[in-house]
Amino acid sequence: MAVTHDVPPQLDELVSTAHRIRTAIESVIEGKSDAVRLTLTVLLSEGHLLIEDVPGVGKTMLAKALARSIDCPVRRVQFTPDLLPSDITGVSAYNQQTREFEFKPGPIFANIVVGDEINRASPKTQSALLECMEEHQVTVDGDTYRLDAPFMVIATQNPIEMEGTYPLPEAQRDRFTARVAMGYPEPTAELEMLDVHGGTSPLDELEPVATTAEVRALIEAVRGVYVSQAVKKYAIDLVVATRHSPDLRLGASPRSTLQLVRAARAHAALAGRDYVIPDDLQDLAIPVLAHRLLPSVEAQGQRRLPEHVVSELVRRVPVPETRAS
């Protein structure tokens, strides 16, 4: 017997608004439609995005393009070795007139926070984001301050082999919903980039195409996307398979299962569906899971990256039969 689902009333609006945001971003970032789609997926799943690649391929440009496409508070933090945790979260300063300490909010108090070259800061400073990303709050001197929704951290990272970088700790990587690599553009896209970016930056002409209220409504619509028990079990099977793989010494956490399902809801909604299918999980398995995994010594010796292991597990884990109408 087929199962019926009530289509969220905002679903059509979600697709339309997401299309406007995507078009605005792609007016700045040429030839990277997959990366743009993943960025929107993470935004609508209430997650955070890690953009990793070599310098000069548009990591910061992608983050800024999303930020400018939405009419909401945006702050940018340039991570450097001398950056302090209080430079991110804020600090309590003494007011001589009132003779009281007043909290001065840091750049983390924004809807979208762009962290540029996050792995150039010390692990102590990187850890300042842990509470913010997981609990959407900041604790300073014993006082807790809530962060407004939506809240998204978009961090760029250089490969750890580059000089002056610190590897992100496992707890930090696990809080990023997905990781995307920009990669070099195709020659045709690079030629178009020379024509478009040759004189002025297209970011200067990019206008917001969505409001904060609209994004909140879209996130609420994504929460209503249906996930069957069979698909939930499939998500668990994929994650558990990483914990038992001999090629990995650290598998995916329960947090990754939750974020995989949340991202799958957004992925389905962007496709115009009000229900999740196994294909959604398969499409997101590598960007959502791979950056959380640590390869074994043997896998490292064979140059088997976590991405290769996840791809193989996706092929091996049985896919459930689902029906929807």
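What the sequence shown shows, in full-length UniProt numbering, is residues 1 to 325, in sequence order. All C-beta atoms in this analysis are idealised placements derived from N, C-alpha and C, irrespective of residue type, glycine included.
{"Query": "Pairwise C-alpha distance: Thr242 and Asp204", "Result": "44 Å"}
{"Query": "Leu284 versus Val36: straight-line alpha-carbon distance, rounded", "Result": "14 Å"}
{"Query": "Three-pair Cβ contact test at 8 Å for the segment 143-151 versus the segment 105-123", "Result": "yes"}
{"Query": "Test item: CB-CB of Ile29 and Leu50 under 8 Å", "Result": "no"}
{"Query": "Buried versus exposed, by CB contacts within 10 Å (16 or more), Val297", "Result": "exposed"}
{"Query": "Nearest-angstrom beta carbon gap, Leu289 and residue 326 [assumed within contact, 8 Å]", "Result": "Residue 326 lies beyond the residue range present for the chain, which begins at 1 and ends at 325; the question has no answer from this structure."}
{"Query": "Assigned secondary structure, Lys104 (DSSP; H/G/I helix, E/B strand, else coil)", "Result": "strand"}
{"Query": "Contact the segment 257-277 vs the segment 171-179: 3+ CB pairs below 8 Å", "Result": "yes"}
{"Query": "Whether Asp34 touches Ala181 by CB criterion (8 Å)", "Result": "no"}
{"Query": "Length of the line joining the Cα atoms of His267 and Thr212", "Result": "20 Å"}
{"Query": "Sheet register partners of Met152 (DSSP bridge)", "Result": "Ile112"}
{"Query": "8 Å CB neighbourhood of Glu170 in its chain, flanking five on each side removed", "Result": "Leu250, Arg292, Leu294"}
{"Query": "Option in Val140, Thr165, Leu194 with minimal Cα separation from Gly90", "Result": "Val140"}
{"Query": "Beta-carbon spacing of Ser69, Ala210 below 8 Å", "Result": "yes"}
{"Query": "C-alpha distance - Ala128 paired with Ala121, whole-angstrom precision", "Result": "11 Å"}
{"Query": "Residue span of the alpha helix (DSSP H) that contains Gly301, given as start and end", "Result": "297-301"}
{"Query": "Boundaries (first-last residue) of the alpha helix (DSSP H) holding Ala87", "Result": "It is Asp, not Ala, that sits at residue 87 in the sequence shown. Where Asp87 is concerned, the enclosing alpha helix (DSSP H) stretches over 86-89."}
{"Query": "Which listed residue (Leu38, Asp247, Gln78, Ala252) has its alpha carbon closest to that of Gln157", "Result": "Gln78"}
{"Query": "Three-state secondary structure (DSSP) of Ile21", "Result": "helix"}
{"Query": "Burial state of Asp116 (16 or more Cβ within 10 Å)", "Result": "buried"}
{"Query": "Euclidean distance between Cα positions of Ser27 and Glu192", "Result": "11 Å"}
{"Query": "Per-residue DSSP class, three states only, for Ile70", "Result": "strand"}
{"Query": "CB contact flag (Ser245, Ile286, <8 Å)", "Result": "no"}
{"Query": "Nearest neighbour of Gly301, chosen from Asp247, Asn119, Lys64, Pro123 [CA to CA]", "Result": "Asp247"}
{"Query": "Nearest residue (CA-CA) to Val225, options Ile118, Pro202, Leu44, Ala24", "Result": "Leu44"}
{"Query": "Classification of Ala299 by the beta-carbon crowding that lies within 10 angstroms, buried from 16 upward", "Result": "buried"}
{"Query": "Complete runs of the beta strand (DSSP E) confined to the segment 209-261 [at least 3 residues]", "Result": "248-250"}
{"Query": "Pro208 and Asp71 closer than 8 Å at C-beta", "Result": "yes"}
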